[in-house]
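Participant:
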Amino acid sequence: MLYSHLFGKTKKEVKKYDSISHQLLTQAGFIDQIAAGIYNLLPLGKRVLAKIENIIREEMNKIGAQELEMPLLHPKTFWETTDRWQTVDVLFKTKSQYGQEYALAPTHEETITPLVKKFLKSYRDLPLALYHITKKFRDEPRPKSGILRGREFGMKDLYSFHQDKNGLKNFYQTVIKAYLKIFKRCGFNNVKITEASGGSFTKKYSHEFNVITPAGEVNLIYCQKCSFAQNIEISQLDPKKNQCPKCRSNLKIDKAIEIGNIFDLGTRFSQAFNLIFIDKNGEKKFPVMGCYGIGTTRIIGAIVEISHDDRGIIWPKNIAPYQAHLIGLDLKDKDVKNNCDKIYNQLLKDEVEVLFDDREEATAGEKFADADLIGIPVRLVVSKKTGKKIEYKKRGEKETKLLALKDIINQIKN
RNA sequence: CGGAGCGUAGUUCAGAUGGCUAGAACGCAGCGUUUGGGACGCUGAGGUCGUGGGUUCAAGUCCCACCGCUCCGACCA
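Per this note's numbering, the first sequence runs over residues 245 to 658.
Written out as structure tokens, the structure reads:
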């Protein structure tokens with residue numbers, strides 16, 4: 245991609261937001277706000293989202309979940325069936341011109357359950373796991389922190405159906421493992437699996453996946469040594485009085501961003517929709533359900549919160565919008581310009597995702613500042629100085645190296 | 001939904017006590033000089049001052065209502 249053609253350039257000056265991710269994503273040209281909690285994802289932001297979605301997709305497919313897509317416009321009756329038309333206060337409601345009422349989907353139990361009802365017959369059809377990656381609408385009383393808490397946002401949600409509690413229990417663990425892989429691949433090194441309340445979904449257990457950062461809004465009580473963590477809402481523990489119930493180490497309280505949440509739904513929704521199957525003994529049964537969400541757009545914000553410096557964003561390799569940021573200096577010199585074009589084309593040929601700052605009019609300082617702000621993991625500089633080699637630098641590190649193109653491509657691909 | 005702050009050029013902002021023919025910087029366009037950390041000179045385009053009402057000889061400025069944004073709180077399937 246030529247930077248000169250990129251839609252959504254960096255901005256020199258942007259309003260000061262308290263939220264770092266809001267500020268940096270806006271300034272670097274990843275997002276654009278249209279109202280409180282509602283954002284355009286610009287081409288750079290969309291690329292990051294697509295990478296996150298692909299990682300999720302791969303890991304979901306690996307555990308046998310099948311991707312589908314459900315509507316976001318839900319007829320009222322579906323939500324009346326579960327009594328959630330009145331009780332879910334974040335439900336966006338809308339009407340057709342003929343007076344029919346709809347909900348804008350905040351979650352999809354109300355559509356997945358009747359859908360499965362159309363196909364589920366026998367225990368042979370179970371277990372079943374279906375997911376989709378789409379938008380969600382929630383009428384939040386107070387959207388905040390940019391893309392971290394919106395009224396319209398991206399989410400992957402997975403729903404599973406099992407013959408019994410044990411089936412769910414096993415799959416629940418499988419999903420936990422898959423989630424940890426996903427978050428690791430997205431660049432989170434320390435995700436806390438947190439015991440939490442089931443909210444209006446279920447009276448049973450639920451687990452959140454939390455990333456510790458002051459920008460978060462979940463209060464977490466967790467062990468400094470082992471993996472123990474609880475949402476403070478449900479915790480009876482006090483770090484001053486209590487030690488970790490698992491390993492007896494000291495406890496700590498910190499803020500965290502919830503990037504995923506999983507629930508044991510039991511048979512609440514299968515009963516509501518009278519979703520049944522015939523078991524081995526010929527008896528009718530309600531399948532036990534689980535649901536599992538990941539906030540895809542929230543991940544973008546959460547990564548920026550934990551991975552940036554005073555110059556800009558530092559994207560983890562796997563979700564960076566591009567793999568390399570090529571900067572051409574001295575571009576009015578024809579030899580340098582030709583050399584740059586050659587390198588750019590070779591990178592493309594070798595399937596390196598590259599953003600090429602081809603602006604003749606911009607100064608070196610501007611280009612470096614933009615590269616730091618945008619935060620692509622590898623910066624390549626070609627100028628009069630670099631001759632036949634290319635200057636290679638990782639974002640977040642100071643060291644630069646002069647390397648041949650081949651070596652650079654190898655570095656990027658590994 | 002309670003509390004606080006804010007809304008003026010594409011962007012970030014300045015415009016005490018009403019006098020504005022509305023400014024700056026950055027960005028943008030043109031010309032020229034520059035070119036390894038947001039460089040410089042000259043020229044130029046760009047605004048129904050969030051919307052509606054009111055007070056006044058006169059409103060960006062004062063009053064009322066509404067809309068919108070940010071932050072704190074409540075809320076957070």
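Think of the CB as a built atom: it goes at the ideal place given N, C-alpha and C, for glycine as much as any other residue. Every value quoted in this text rests on a predicted model; they were computed, and no experiment measured them.
#1: Under a Cβ-count criterion, where at least 16 other Cβ atoms within 10 Å of its own Cβ denotes burial, should residue 249 be classed as buried or exposed?
#2: Could you give the distance in angstroms between the alpha-carbon of residue 520 and the alpha-carbon of residue 395?
#3: From what residue to what residue does the alpha helix (DSSP H) around residue 417 run?
#4: Looking only at its own chain, which residues have a Cβ that is under 7 Å from the Cβ of residue 247, when we skip the five neighbours before and after it?
#5: Here's the rule: buried if 16 or more other CB atoms are within 10 angstroms of the residue's CB, otherwise exposed. What is residue 269?
#6: What do you reckon, are the CB atoms on residue 195 and residue 336 nearer than 7 Å?
#7: How many whole angstroms separate the CB atoms of residue 505 and residue 549, which I take to be in contact at a CB cut-off of 8 Å?
#8: Measure the beta-carbon distance from residue 570 to residue 592 and round it to whole angstroms, keeping in mind my assumption that it falls under 8 Å.
#9: At the level of alpha carbons, what is the spacing between residue 430 and residue 455?
#10: Which residues share a DSSP beta bridge with residue 456?
#11: Quick test of the definition: if touching needs 3 or more C-beta pairs under 8 Å, does the region 318-325 touch the region 407-421?
#12: What does the alpha-carbon distance come out to for the pair residue 636 and residue 424?
#13: Taking the runs of the beta strand (DSSP E) that are 3 residues or longer, which of them lie wholly in the region 587-617?
#14: Which residues does DSSP list as the beta-bridge partners of residue 647?
#15: Give me the residue from 316, 534 and 432 with the minimum Cα distance to residue 408.
#16: Taking DSSP as the reference, what is the three-state secondary structure of residue 368?
#17: Should residue 623 be labelled buried (16 or more other beta-carbon atoms within 10 Å of its own) or exposed?
#18: Would you mind sorting residue 403 into buried or exposed? The rule is 16 or more other CB atoms within 10 Å of its CB.
#19: By Cβ distance, which residues of its chain are closer than 6 Å to residue 310, with the 5 residues on each side in sequence left out?
#20: How do the region 552-559 and the region 623-633 stand: do at least 3 beta-carbon pairs fall below 8 Å, yes or no?
#21: Just mark residue 338 as buried or exposed, buried being the case when its beta carbon has 16 or more other beta carbons within 10 Å.
#22: Only counting runs of 4 or more residues, tell me where the alpha helix (DSSP H) segments fall wholly within the region 340-402, in order along the chain.
#23: Enumerated in chain order, which unbroken segments of the beta strand (DSSP E) with a length of 3 residues or greater are wholly contained in the region 287-351?
#24: By DSSP's criteria, residue 451 is part of a beta bridge. Which residues make up the other side?
#25: Check the DSSP bridge columns for residue 404 and list the partner residues they point to.
#26: Cutting at 6 Å between CB atoms, please list the residues of its own chain near residue 387, excluding the five before and the five after it.
#27: Bridge partners for residue 258 per DSSP, in chain order?
#28: Give me the residue from 277, 367 and 484 with the minimum Cα distance to residue 397.
#29: Since residue 473 contacts residue 426 with CB under 8 Å, what's their CB separation in whole angstroms?
#30: Would the region 509-518 and the region 475-495 be scored as touching if the rule is three or more Cβ pairs under 8 Å?
#31: Across which residues does DSSP place residue 626 in a beta bridge pair?
Facilitator: With the given structure in hand:
#1: exposed
#2: 34 Å
#3: 409-430
#4: 599, 600, 601, 602 and 603
#5: buried
#6: With the chain running from 245 to 658 in the structure shown, residue 195 is simply not present.
#7: Not really, about 18 Å apart at Cβ, beyond 8 Å.
#8: Actually they are not in contact, since the Cβ atoms of residue 570 and residue 592 sit about 10 Å apart, beyond 8 Å.
#9: 12 Å
#10: 500
#11: no
#12: 32 Å
#13: 598-601
#14: 634
#15: 534
#16: helix
#17: buried
#18: buried
#19: 374
#20: no
#21: exposed
#22: 353-361
#23: 317-319, 336-339 and 345-348
#24: 439 and 506
#25: 373 and 534
#26: 280, 281, 393, 394 and 395
#27: Paired residue(s): none; residue 258 is not in a bridge.
#28: 277
#29: Between residue 426 and residue 473 the Cβ distance is about 18 Å, and since that is not below 8 Å, they are no contact.
#30: no
#31: 572
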